[in-house]
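Since the structure comes first, as structure tokens, the remarks are kept for the end.
There are 2 protein chains.
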Amino acid sequence: MSSYKDKKVISIGTVNELTGLSVRQIRYYEDKGLIYPERTKRGTRKYSFADIEMLLQIADKREEGVQTGEIRKDLEKKEKKVVEQMLRGQLNAHFKMK
Amino acid sequence: MSSYKDKKVISIGTVNELTGLSVRQIRYYEDKGLIYPERTKRGTRKYSFADIEMLLQIADKREEGVQTGEIRKDLEKKEKKVVEQMLRGQLNAHFKMK
DNA sequence: CGTGTAAGGAATTCTGACACG
DNA sequence: CGTGTAAGGAATTCTGACACG
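Chain order of the listed sequences is G and R. If you're matching positions, the first sequence starts at 1405 in the working numbering and goes up one per residue. If you're matching positions, the second sequence starts at 1405 in the working numbering and goes up one per residue.
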């Protein structure tokens, strides 16, 4: 299920180069709950390619003037849908209903 | 063709954690032509997941007592085979021979 | 609200070299 | 041959805060 795309191994400086977003912006979006990098023992943030794709999407939204709160809400909705789908799949498998 | 696996974005400290090899060893294997990380403007090495897999293979060989020179030769042989296959494919496509 | 910046400290990375063997 | 280590410098990252708006 999880592959290279989800492995958190990229430091914030590299994320900056890859996305064009400032380090300040990247940290701020984390603060607002849009991304959640991992931390090394020492405390440095590590991002995945999935995080980078997310950041690029966030950048697009922000350019359209969408506030971080809005972006957050949309993410939560999508997350809910995914969970619902998964539950549905589990139920179908369990009860063999069609 | 090239995906996340080949993107060079991982710094040497993270490679150390991922492979268990010392920073010294990682640099040494580069010196011997077994891997070739990219460099940022400032000069820090950046590795890909493919590099990490290669390093794990190198570590196995080294544990078996194989010297870096030997490992190097094997790599060159494999590289040659790949090139030959590619040329063959090109020729077949070009002359439509069967 | 979103982002820039200066501040001070701690950890990272780099190179060339000496060491052992 | 392969790897450890101390050395000195340069760049990175972190947090909390002030600034503007």
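Backbone N, C-alpha and C fix where the C-beta goes; we use that ideal spot for every residue, glycine too. Model, not experiment: these values are computed from the prediction.
Taking only the alpha-carbon atoms, compute the straight-line gap between residue i and residue j and give it to the nearest angstrom.
{"i": "R/GLY1437", "j": "R/ARG1476", "result": "7 Å"}
{"i": "R/VAL1487", "j": "R/ASP1478", "result": "14 Å"}
{"i": "R/ARG1466", "j": "R/ARG1431", "result": "15 Å"}
{"i": "R/GLY1417", "j": "R/VAL1427", "result": "7 Å"}
{"i": "G/SER1407", "j": "R/ALA1497", "result": "34 Å"}
{"i": "R/GLU1474", "j": "R/TYR1433", "result": "12 Å"}
{"i": "G/GLY1447", "j": "G/LYS1412", "result": "13 Å"}
{"i": "R/LEU1495", "j": "R/LYS1485", "result": "15 Å"}
{"i": "R/TYR1440", "j": "R/ILE1462", "result": "13 Å"}
{"i": "R/ALA1454", "j": "R/LYS1409", "result": "6 Å"}
{"i": "R/GLY1493", "j": "R/MET1458", "result": "26 Å"}
{"i": "R/GLU1483", "j": "R/LEU1491", "result": "12 Å"}
{"i": "G/GLU1468", "j": "G/GLN1489", "result": "30 Å"}
{"i": "G/SER1452", "j": "R/SER1452", "result": "12 Å"}
{"i": "R/GLU1480", "j": "G/LYS1481", "result": "51 Å"}
Examine chain G for any beta-carbon lying closer than 8 Å to the beta-carbon of residue i, and answer yes or no.
{"i": "R/THR1418", "result": "yes"}
{"i": "R/SER1415", "result": "yes"}
{"i": "R/PHE1453", "result": "yes"}
Where does residue i sit, in a helix, a strand or coil, going by DSSP?
{"i": "R/SER1468", "result": "Inspection of the sequence shows that residue 1468 of chain R is occupied by Glu rather than by Ser. Here R/GLU1468 sits in coil by DSSP."}
{"i": "G/ARG1449", "result": "strand"}
{"i": "R/ILE1475", "result": "helix"}
{"i": "R/ILE1414", "result": "strand"}
Suppose the cutoff is 8 Å on Cβ atoms and the five residues either side in sequence are ignored; what does the same chain contact list for residue i look like?
{"i": "R/ILE1456", "result": "ILE1414, VAL1419, LEU1422 and THR1423"}
{"i": "R/LYS1450", "result": "LYS1412, VAL1413, ILE1414, SER1415, PRO1441, GLU1442, ARG1443 and THR1444"}
{"i": "R/PHE1499", "result": "none"}
At least one CB of chain R closer than 8 Å to the CB of residue i: is that the case?
{"i": "G/LYS1409", "result": "yes"}
Can you name, in chain order, every residue of its own chain whose Cβ lies under 6 Å from the Cβ of residue i, other than the five neighbours on each side?
{"i": "G/THR1472", "result": "LYS1436"}
Ignore the nearest five residues each way along the sequence and tell me which others in residue i's own chain have a CB closer than 7 Å to its CB.
{"i": "G/VAL1470", "result": "none"}
{"i": "G/LEU1425", "result": "LEU1459 and ALA1463"}
{"i": "R/GLN1429", "result": "none"}
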